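Going by our numbering, the first residue of the sequence shown is number 423, and it counts up by one from there.
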Amino acid sequence: MVDKREELNKYWCIRWASSDNGWVFPGVNPFLKLYFPNLTEGKGVCNKRVLVPLCGKTTDLLWLCEQDLSVTGIEFCEVPIINFFKEKGLSYECYEKSCHKVYKCISKDIVIYQGDFFSMNSDILGGVFDYCCDISSLSAMIPNEQKLYVDKLISLLSFDCRLILNCFEYDVTLRNDKPPYAIFRDRLENMFGYKFIIKELCCNTEDTLPEGYTSRIGFNTRHIYYMIKKIN
């Protein structure tokens with residue numbers, strides 16, 4: 423299992439290093455913008471923390487910060503982290519904390535931790551999070567480790583957390599065993615358990631996705647966005 427994880431981490435680093443990152447949306451994810459009020463329930467978010475796992479160099483980090491959130495990303499590969507700050511024209515400082523590199527923006531409340539997601543904990547990350555934006559991160563996980571990912575994610579979130587999560591559904595017999603992996607509703611419910619309410623926000627086939635949306639897989643894939651809320 424660990425070997426497979428290391429293999430996958432290496433796979434993503436090679437793709438980032440060779441600029442083979444066609445899945446990266448050039449702007450802010452339109453579904454994040456559309457459903458942001460669902461995430462926050464229309465409440466004030468000042469001083470609230472949001473986690474963006476496997477963040478790459480997504481523009482979502484900057485947009486979330488502009489909504490007055492304190493933004494934390496986690497990314498294994500160094501290349502997209504450096505590229506994020508460079509492409510956004512943001513200065514940063516880099517230091518080590520608990521054997522992880524930390525890239526902290528000087529002018530904005532954005533910090534990215536470099537390292538394996540599974541090695542993180544709330545002490546390293548400075549506390550728990552009020553919100554989480556999981557845009558295809560769970561789907562990037564090896565199927566045998568997806569439940570481990572969910573358990574780790576839950577350990578990083580506050581008692582009343584809310585998540586936006588993107589999953590894919592397609593005929594697994596038509597696609598090779600590679601990410602993003604298909605995750606169907608019943609499996610999602612089993613992974614999160616009875617302590618969470620899962621609500622489908624939208625379901626799109628690839629011919630109905632917004633223009634320029636880059637995460638296209640083929641195989642009649644359905645792109646589904648969920649709102650997940652912890653039951654107090």
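For each residue, glycine too, the CB sits at the ideal point set by N, CA and C.
All values derive from a computational prediction rather than experimental measurement.
query                                                                                                                                                                          : result
Do three or more CB pairs link the segment 550 to 558 to the segment 617 to 630 at distances below 8 Å?                                                                        : no
From the DSSP output, read off the bridge partner residues of Arg471.                                                                                                          : Ser492
Starting from Arg609, follow the alpha helix (DSSP H) in both directions and report where the run begins and ends.                                                             : Arg607 to Phe614
Consult DSSP for Ile546 and reduce its assignment to one of helix, strand or coil.                                                                                             : coil
What are the start and end residues of each continuous alpha helix (DSSP H) run of 4 or more residues lying completely inside the segment 436 to 487, in chain order?          : 452 to 462
Please classify Arg607 as buried or exposed, where buried requires at least 16 neighbouring CB atoms within 10 angstroms.                                                      : exposed
Would you kindly work out how many angstroms separate the C-alpha atoms of Ile564 and Arg427, rounded to a whole number?                                                       : 7 Å
My understanding is that Tyr592 touches Thr643, with C-beta atoms under 8 Å, so please give their C-beta distance in whole angstroms.                                          : 4 Å
Taking the straight line between their C-alpha atoms, what separation do you get for Leu454 and Cys521?                                                                        : 32 Å
Is the segment 471 to 482 touching the segment 491 to 511 in the sense that three or more CB pairs, one from each, lie closer than 8 Å?                                        : yes
Out of Leu430, Met649, Lys617 and Tyr647, state which residue places its alpha-carbon closest to the alpha-carbon of Asp538.                                                   : Leu430
Go ahead and label Val533 buried or exposed: buried means 16 or more other beta carbons lie within 10 angstroms of its beta carbon, across all protein chains shown.           : buried
Go through the segment 555 to 602 residue by residue and report every complete run of the alpha helix (DSSP H) that reaches 4 residues or more, in order.                      : 559 to 562 and 568 to 577
Using a Cβ-Cβ cutoff of less than 8 Å, which residues in the same chain neighbour Asp531 once the five nearest sequence positions on both sides are dropped?                   : Cys487, Leu491, Ser492 and Val493
Distance, Cα to Cα, Ile646 vs Lys621?                                                                                                                                          : 11 Å
Give me, in chain order, the residues of the same chain whose beta-carbon lies closer than 7 Å to that of Leu596; leave out the 5 immediate sequence neighbours on both sides. : Phe641
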